[in-house]
Amino acid sequence: MPKFPPIDRRLFIKSTIATAAIATSAQANDTEVLRHPVYQATGLRIGEVTPTTAIVWTRLTKNTERNNDGIVFKKRGKSEEALKTPVEQIEGACPGQPGKIRLRYGIDDISFQTEWINVDEESDFIHQFPLKDLKPATQYTVVCETSVDGELHEPFVGTFRTAPKPDEAKPVRFCVMTCQGYPDRDHPDGHPIYPAMTAKDPDFISLTGDLIYYDNDAPSAMTPDLARLHWQRMFSLPRLVDTLSHTSTYWLKDDHDTLDNDSWPGQKYGELTFEQGQEIFRQQAPLGSDSYRTFRWGKDLQIWLTDGRDFRSPNKKPDGPDKTIWGAEQKAWFKRTVKESDATWKVLISPTPIVGPDRKGKNDNHANEGFTHEGNEIRKWLQQNVPDNFFVICGDRHWQYHSVDPETGVKEFSVGAASNSHAGGTPGRNPKIHRFHKVQGGFLNVMVDSKPASSEITFQLCDVDGNVAFEQRFERSRGM
1 MPKFPPIDRR LFIKSTIATA AIATSAQAND TEVLRHPVYQ ATGLRIGEVT PTTAIVWTRL
61 TKNTERNNDG IVFKKRGKSE EALKTPVEQI EGACPGQPGK IRLRYGIDDI SFQTEWINVD
121 EESDFIHQFP LKDLKPATQY TVVCETSVDG ELHEPFVGTF RTAPKPDEAK PVRFCVMTCQ
181 GYPDRDHPDG HPIYPAMTAK DPDFISLTGD LIYYDNDAPS AMTPDLARLH WQRMFSLPRL
241 VDTLSHTSTY WLKDDHDTLD NDSWPGQKYG ELTFEQGQEI FRQQAPLGSD SYRTFRWGKD
301 LQIWLTDGRD FRSPNKKPDG PDKTIWGAEQ KAWFKRTVKE SDATWKVLIS PTPIVGPDRK
361 GKNDNHANEG FTHEGNEIRK WLQQNVPDNF FVICGDRHWQ YHSVDPETGV KEFSVGAASN
421 SHAGGTPGRN PKIHRFHKVQ GGFLNVMVDS KPASSEITFQ LCDVDGNVAF EQRFERSRGM
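Residue numbers for the sequence shown follow the UniProt record's numbering, beginning at 1 and rising by one.
Here's what the structure looks like:
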């Protein structure tokens, strides 16, 4: 059994102190004393962080922890038994309950609070709190309080960091992950990459699609209720709760966490429609109004997050100028904002590959023949406009690689699956394209370091325990 990195105890101590302070404050301001357990089995999620804003995802649950002793289904596909079984009786379920949620937050002390918000079944007992007027490059503590029928519960405590101002040259650390199967988590408490990423002390983590598998993990999510079950059981795993409650995050969807394999708008999977899948993802992830967006982290780093599902053409459509994954509006936005950016390093985080190569028979991304026209367009545009300081980080593929496109020089890092048992599927190493290639689970760790006259960016492909398997560093003068 491998040894997993310890949880950052500084965060634990800070959270404990904050909890005690909030309990005292609440007793002073409310008639009820906080003496009931925490009813937030799915934790907190903090997303879309900028220098001054963030979104905090919260959920009120019926029980204090997930249903660890529920019914386990092993057969995928349509199951009458699964459809007839009450969802809360299934292993990992975290049913919600109606009540109220309030958020308190601050830096050294918890000096801000929101109004109480009612949550019910219509919202899946979720509320996303938009925070504003935050201080840049600052660590915040957030304390989520819940109440049912006038009884206050113990609060759930989390932390996150805001981004530096765009003109500040500060170091940045972040991790990128993808493709986590529920039966392939390799540890009952959740995938080993989560404590491994926490040990890197990232400023943020990007979760890059296929975060759950509606079609591959039993019971198949052929109804909206079963789709929400997939979110409950995955994101109530202790390791995931701990990590995601203590870092800033950015979320992207792909096919398996929208509907099913290689899906596009207008399709159905059992009773679940593509449009319902889009709505559920937006409900379960801390997101703003746009599915594609860009964020600045100081003078040296800007990231772009593209959406590969909402605007795509059917995969079976003949390739040509009208066949698209990004859609005309997103593509124009991407080109415009990349050209406008003066960041030292520009990084695209994509749910699917731009360079690849992918295995034969696939027809779902810009590295496949089915989307050759748009793939060539994007790669050639990058060559002509940002040849030296642009990088692609992609999810979707279950093996790790660093590729350089031989025709355009576009550089891509594939982060690999979230566990070793989920890794595989590669067409093999291509020496003309690959600078690194390995079939293993893990994640990507990226470090941006600022110097007076230059800036460095380092990409580390890590295994599931956080050990560095491959490292590539780039340096750029500030005069360039």
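Glycine is no exception: its CB is placed at the ideal position from the N, C-alpha and C atoms.
- The beta carbons of Gly298 and Val172 sit closer together than 8 Å.
- Around the C-beta of Trp57, 16 or more other C-beta atoms lie within 10 Å, and the residue is accordingly described as buried.
- Where Met234 is concerned, the enclosing alpha helix (DSSP H) starts and stops at Pro224 to Met234.
- If you look at Leu252, you'll find it in the beta strand (DSSP E) that goes Ser248 to Leu252.
- Contact between Gly190 and Arg233 is ruled out by a C-beta separation of about 11 Å, above the 8 Å threshold.
- Using a 10 angstroms sphere on the CB of Asn67, the tally of other CB atoms reaches 16 or more, which defines it as buried.
- Of the candidates Gly441, Trp304, Glu340 and Asp217, the residue whose Cα lies closest to the Cα of Ser414 is Gly441.
- Excluding residues up to 5 positions away in sequence, Gly43 lie with their Cβ nearer than 6 Å to the Cβ of Val241 in the same chain.
- Using a Cβ distance threshold of 8 Å, Ala227 and Leu287 do not count as a contacting pair.
- The DSSP-derived three-state label of Tyr292 is coil.
- Only residues of its own chain outside the window of five on either side were considered, and among them Ala227 have a CB closer than 6 Å to the CB of Ile280, listed in chain order.
- Annotation: the continuous beta strand (DSSP E) that includes Gly442 extends over Gly442 to Ser450.
- Residue range Ile193 to Ala199 is occupied by the alpha helix (DSSP H) that includes Ile193.
- The segment 292-307 and the segment 160-169 touch, with no fewer than 3 CB-CB distances between them shorter than 8 Å.
- At a Cβ-Cβ threshold of 8 Å, Pro51 and Pro136 count as neighbours.
- Here DSSP, grouped into helix, strand and coil, assigns His373 to helix.
- Annotation: the continuous beta strand (DSSP E) that includes Gly47 extends over Arg45 to Gly47.
- Each residue's CA atom was taken as its position, placing His153 and Phe204 some 29 Å apart.
- Shown here, Glu80 sits in a helix according to DSSP, grouped into three states.
- In the same chain as Gln283, and ignoring 5 residues on each side of it, the C-beta atoms closer than 8 Å to its own belong to Ser123, Asp124 and Ile126, in chain order.
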